[in-house]
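As you go down the protein sequences, you meet chains A and B in turn.
The opening residue of the first sequence carries number 13 in our numbering; numbering runs sequentially from there.
The opening residue of the second sequence carries number 59 in our numbering; numbering runs sequentially from there.
A quick write-up on the structure given underneath.
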Amino acid sequence: GAGVSQTPSNKVTEKGKYVELRCDPISGHTALYWYRQSLGQGPEFLIYFQGTGAADDSGLPNDRFFAVRPEGSVSTLKIQRTERGDSAVYLCASSVQGAGDTIYFGEGSWLTVV
Amino acid sequence: LAKTTQPISMDSYEGQEVNITCSHNNIATNDYITWYQQFPSQGPRFIIQGYKTKVTNEVASLFIPADRKSSTLSLPRVSLSDTAVYYCLVDVSGNTGKLIFGQGTTLQVKP
Numbered sequence: 013g014a015g016v017s018q019t020p021s022n023k024v025t026e027k028g029k030y031v032e033l034r035c036d037p038i039s040g041h042t043a044l045y046w047y048r049q050s051l052g053q054g055p056e057f058l059i060y061f062q063g064t065g066a067a068d069d070s071g072l073p074n075d076r077f078f079a080v081r082p083e084g085s086v087s088t089l090k091i092q093r094t095e096r097g098d099s100a101v102y103l104c105a106s107s108v109q110g111a112g113d114t115i116y117f118g119e120g121s122w123l124t125v126v
Numbered sequence: 059l060a061k062t063t064q065p066i067s068m069d070s071y072e073g074q075e076v077n078i079t080c081s082h083n084n085i086a087t088n089d090y091i092t093w094y095q096q097f098p099s100q101g102p103r104f105i106i107q108g109y110k111t112k113v114t115n116e117v118a119s120l121f122i123p124a125d126r127k128s129s130t131l132s133l134p135r136v137s138l139s140d141t142a143v144y145y146c147l148v149d150v151s152g153n154t155g156k157l158i159f160g161q162g163t164t165l166q167v168k169p
């Protein structure tokens, strides 16, 4: 597709379960970002990839959160031992190379932990 | 990190021009000013970006005074579909390009 694609669009999981959220960036974009957005708040930065490597993971809240991008394209955000406070919209974004480039967002994956 | 301040909410009516002002007193010399729009249940969408003076595109205009301590996003003749949250961003962190969002301005356009 032409834009950033995220799956699933909605996910309900039980507390303590493991969750994976997938992001397919715009073709050819080397920079990829994950954000988390809670109700009524602006998006909060989690992690930035340049190619296959996580160049900035300063926004990951704790070690239950992990993200990979093994081939420099698709990325997966992994959340272990989910907690109710993890409920949020998880947004993926990409840009051509990073700094100075327009960042394009996907529609997000809505995660609800019950 | 440069911090932005913008109104939490604004109301307008269809057909009016809307101006949303953002304060960024600590903007750095190399920071650009970028505005994003977010509709409910969607990711943010780039609207416009500028460094100084005035920038105009098919969606909006951005006015930046000489001291760059504030900026104003101008939406001409708004319609109901312009109801959204508008974010002003000035921090291009390091060489990553990551965006630091505030709470944004919720614009409600009424008929």
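Cβ coordinates follow ideal geometry from the N, Cα and C atoms, glycine included.
Neighbour list for residue 117/A in chain B, Cβ cutoff strictly below 9 Å: Indexing the first sequence from 1 puts residue 117/A at position 105. The contacting residues are 94, 96, 100, 101, 102, 103 and 104.
For residue 154/B, tell me which candidate among 95/A, 46/A and 52/A has the shortest Cα-Cα distance. As a working note, residue 154/B is residue 96 in the second sequence. Minimum Cα distance to residue 154/B is reached at 46/A.
List the residues of chain B whose Cβ lies closer than 7 Å to the Cβ of residue 54/A, in chain order. Mapped onto the first sequence, residue 54/A falls at position 42. By Cβ distance, chain B contributes 145, 159, 160, 161 and 162.
Taking 8 Å as the cut-off, decide whether the C-beta atoms of residue 118/A and residue 18/A are in contact. Sequence index remark: in the first sequence, residue 118/A carries index 106 (1-based). Sequence index remark: in the first sequence, residue 18/A carries index 6 (1-based). Contact flag set, yes.
So the beta strand (DSSP E) residue 92/B belongs to, where does it begin and stop? Here residue 92/B is taken as the residue at index 34 of the second sequence, counted from 1. Note, residue 92/B: beta strand (DSSP E), 91-96.
Inter-residue spacing [alpha-carbon to alpha-carbon] between residue 117/B and residue 63/B: On the second sequence, position 59 is the one that residue 117/B refers to. On the second sequence, position 5 is the one that residue 63/B refers to. Their Cα atoms are separated by approximately 22 Å.
Tell me, please, which residues DSSP counts as bridged to residue 65/A. As a first step, residue 65/A is located in the first sequence; it is residue number 53 there, counting from the start. DSSP, once it has assigned bridges, lists 62/A as partnering residue 65/A.
Tell me which same chain residues have a C-beta within less than 6 Å of the C-beta of residue 164/B, skipping the five on either side of it? Here residue 164/B is taken as the residue at index 106 of the second sequence, counted from 1. So the list reads 67 and 143, once near-sequence residues are dropped.
Pull up the CB-CB distance for residue 105/B and residue 94/B, whole angstroms please, since I reckon it's below 8 Å. Here the question's residue 105/B lines up with position 47 in the second sequence. Here the question's residue 94/B lines up with position 36 in the second sequence. So it is a contact: roughly 6 Å between Cβ atoms.
Quick test of the definition: if touching needs 3 or more C-beta pairs under 8 Å, does the region 79-94 of chain A touch the region 34-45 of chain A? yes
Say whether the region 99-108 of chain A touches the region 122-141 of chain B, bearing in mind that this needs 3 or more beta-carbon pairs closer than 8 Å, one atom from each stretch. no
Less than 8 Å between the CB atoms is what I'm expecting for residue 88/A and residue 32/A, so what's the real figure, rounded? Translated into the one-based positions of the first sequence, residue 88/A becomes position 76. Translated into the one-based positions of the first sequence, residue 32/A becomes position 20. Between residue 32/A and residue 88/A the Cβ distance is about 5 Å, and since that is below 8 Å, they are a contact.
Residue 109/B - containing beta strand (DSSP E), residue span: Numbered from 1 along the second sequence, position 51 holds the residue referred to as residue 109/B. Counting along the chain, residue 109/B falls outside any beta strand (DSSP E), and DSSP gives it neither H nor E.
How about residue 73/A and residue 102/B: are their beta carbons less than 8 Å apart? Counted from its first residue, the first sequence places residue 73/A at position 61. Counted from its first residue, the second sequence places residue 102/B at position 44. Going by C-beta atoms, residue 73/A is not nearer than 8 Å to residue 102/B.
Taking residue 132/B as the reference, give the member of 79/B, 69/B and 161/B with the closest Cα. Within the second sequence, the letter at position 74 stands for residue 132/B. Ranking the options by Cα distance to residue 132/B, first place goes to 79/B.
So that I know if they touch, is there some Cβ in chain B lying closer than 8 Å to that of residue 68/A? Taking the first residue of the first sequence as 1, we reach residue 68/A at position 56. So yes, residue 68/A belongs to the interface.
DSSP three-state assignment for residue 72/A, whether helix, strand or coil: Along the first sequence, read from residue 1 onward, the residue named residue 72/A stands at position 60. Three-state result, residue 72/A: coil.
For a cutoff of 8 Å on Cβ pairs, would you count residue 50/A as touching chain B? By 1-based counting over the first sequence, the position of residue 50/A is 38. Chain B, which has no Cβ nearer than 8 Å to the Cβ of residue 50/A, makes this no.
In this structure, how does DSSP classify residue 107/A when only helix, strand and coil are distinguished? For the purposes of this step, residue 107/A is taken as the residue at position 95 of the first sequence. In this structure, residue 107/A counts as strand in the three-state DSSP scheme.
Alpha carbon to alpha carbon, how far is residue 81/B from residue 134/B? The residue you call residue 81/B lines up with position 23 of the second sequence. The residue you call residue 134/B lines up with position 76 of the second sequence. Near 21 Å, if we compare the C-alpha coordinates of residue 134/B and residue 81/B.
How is residue 113/A classed by DSSP in three states: helix, strand or coil? For the purposes of this step, residue 113/A is taken as residue 101 along the first sequence, with counting starting at 1. Residue 113/A falls in the coil class under three-state DSSP.
Among 70/A, 63/A, 90/A and 68/A, nearest to residue 30/A - alpha-carbon criterion: In the first sequence, residue 30/A corresponds to position 18, counting from 1. If we check each option's Cα against that of residue 30/A, 90/A comes out closest.
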